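At the far end of the sequence shown sits residue 198, using the UniProt record's numbering, and the numbering has no gaps.
Below is one structure, written out as structure tokens; comments come after it.
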Amino acid sequence: MSKTFSEWYDFFMSPLERGRFKKIRVQLLENASGRVLELGSGTGVNFPFYRDVEVTAIEPSPFMVTRSLKRKEQSPVPIEVVQAGAEQLPFPDNSFDTVVATLVFCTIPNVEAALEEIKRVCKPDGKVLMFEHVKMTQPTLAKVQEVLTPYWEKVCDGCCLDRETHVLVEKKGFYIEETKDYYKSLFKTMILKNEKKG
Ligand SMILES: C[S@@+](CC[C@H](N)C(=O)[O-])C[C@H]1O[C@@H](n2cnc3c(N)ncnc32)[C@H](O)[C@@H]1O
Numbered sequence: 001m002s003k004t005f006s007e008w009y010d011f012f013m014s015p016l017e018r019g020r021f022k023k024i025r026v027q028l029l030e031n032a033s034g035r036v037l038e039l040g041s042g043t044g045v046n047f048p049f050y051r052d053v054e055v056t057a058i059e060p061s062p063f064m065v066t067r068s069l070k071r072k073e074q075s076p077v078p079i080e081v082v083q084a085g086a087e088q089l090p091f092p093d094n095s096f097d098t099v100v101a102t103l104v105f106c107t108i109p110n111v112e113a114a115l116e117e118i119k120r121v122c123k124p125d126g127k128v129l130m131f132e133h134v135k136m137t138q139p140t141l142a143k144v145q146e147v148l149t150p151y152w153e154k155v156c157d158g159c160c161l162d163r164e165t166h167v168l169v170e171k172k173g174f175y176i177e178e179t180k181d182y183y184k185s186l187f188k189t190m191i192l193k194n195e196k197k198g
């Protein structure tokens with residue numbers, strides 16, 4: 001993540017964040033419990049919305065880590081930010097009760113490796129909370145996403161518009177317990193159960 005992108009991220013996202021996104025984030029994070037791992041925490045947009053949990057956040061961009069420090073201090077819960085990528089998590093097996101990923105699976109270069117790491121560090125009965133944009137169900141809109149992605153990726157620091165994260169999670173053995181669509185299925189929240197054997 002470039003320094004410039006990190007500096008402008010909150011500004012560009014603010015119309016969405018002030019509107020529907022805040023409510024979506026708050027509702028999703030109400031499902032977090034115990035020890036929480038947040039992936040790709042960026043500027044720390046989720047940090048003010050956690051309650052009664054202990055959060056470890058990983059973020060590979062040093063610029064994003066720096067920008068998240070103010071929100072970390074303002075959070076009502078303890079938050080530790082570690083510089084790392086989701087494909088290689090520096091934590092032992094079965095460390096977390098909840099894993100949170102918001103608007104991050106569009107950008108992670110190796111999605112399959114990241115899902116395997118979630119499975120490893122999440123407790124056998126743990127849950128994964130996701131808020132992601134995905135490839136849309138309407139075929140024409142999905143085609144537009146495909147065509148735009150190579151250009152969008154360059155402008156938005158690796159963000160792919162046409163990822164099928166909701167399909168991949170099931171392939172990797174997560175069970176979708178609850179899902180909600182927003183903006184004509186462009187955005188989805190998902191509550192996943194980590195179904196590995198203890
Ligand atoms: C669109 S931003 C979303 C930030 C934040 N999660 C939110 O909800 O606003 C995507 C974030 O994913 C991070 N990222 C990129 N590659 C990653 C990886 N391999 N593992 C974890 N995070 C990654 C980026 O640095 C960036 O902060």
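We put the CB at the ideal spot given by N, CA and C, even for glycine.
Only a predicted model underlies this, so the values are computations on that prediction, with no experimental measurement involved.
Use the C-beta contact count for residue i: other C-beta atoms within 10 angstroms, 16 or more gives buried, fewer gives exposed.
i      : result
Phe47  : buried
Pro109 : exposed
Thr98  : buried
Val128 : buried
Gly2   : Correcting the residue type first, residue 2 is Ser in the shown sequence and not Gly. Ser2 should be labelled exposed.
Flag this pair as yes or no: are the beta carbons of residue i and residue j separated by less than 8 angstroms?
i      : j      : result
Glu73  : Phe105 : no
Ile191 : Glu170 : no
Gly44  : Thr107 : no
Ordered along the chain, which non-local residues of its own chain (more than five positions away) have a Cβ less than 6 angstroms from that of residue i?
i     : result
Ala84 : Ile58 and Pro90
Val26 : Phe49
Check the DSSP bridge columns for residue i and list the partner residues they point to.
i      : result
Cys122 : Phe96
Val82  : Ile58
Here's a check: name, in chain order, each residue in its chain whose Cβ is nearer than 7 angstroms to the Cβ of residue i, leaving out the five neighbours to either side.
i      : result
Gly198 : Reliability fails at Gly198, whose pLDDT of 48 lies under 50, so the model's placement of it is uncertain and no value is given.
Ser185 : Met136 and Thr137
Ile24  : Phe131, Tyr182 and Thr189
Give me the Cα-Cα distance between residue i and residue j, rounded to the nearest whole angstrom.
i      : j      : result
Tyr183 : Thr4   : 28 angstroms
Tyr175 : Glu116 : 14 angstroms
Lys143 : Asp162 : 9 angstroms
Val111 : Pro76  : 31 angstroms
Leu29  : Asp10  : 20 angstroms
Asn194 : Arg67  : 31 angstroms
Pro150 : Glu54  : 38 angstroms
Cys160 : Trp152 : 7 angstroms
Gly126 : Arg20  : 27 angstroms
Please return the same chain residues whose Cβ sits closer than 8 angstroms to the Cβ of residue i, not counting the five positions on each side in sequence.
i     : result
Trp8  : none
Ser41 : Phe47, Ala57, Ile58, Glu59, Met64, Ser68 and Val81
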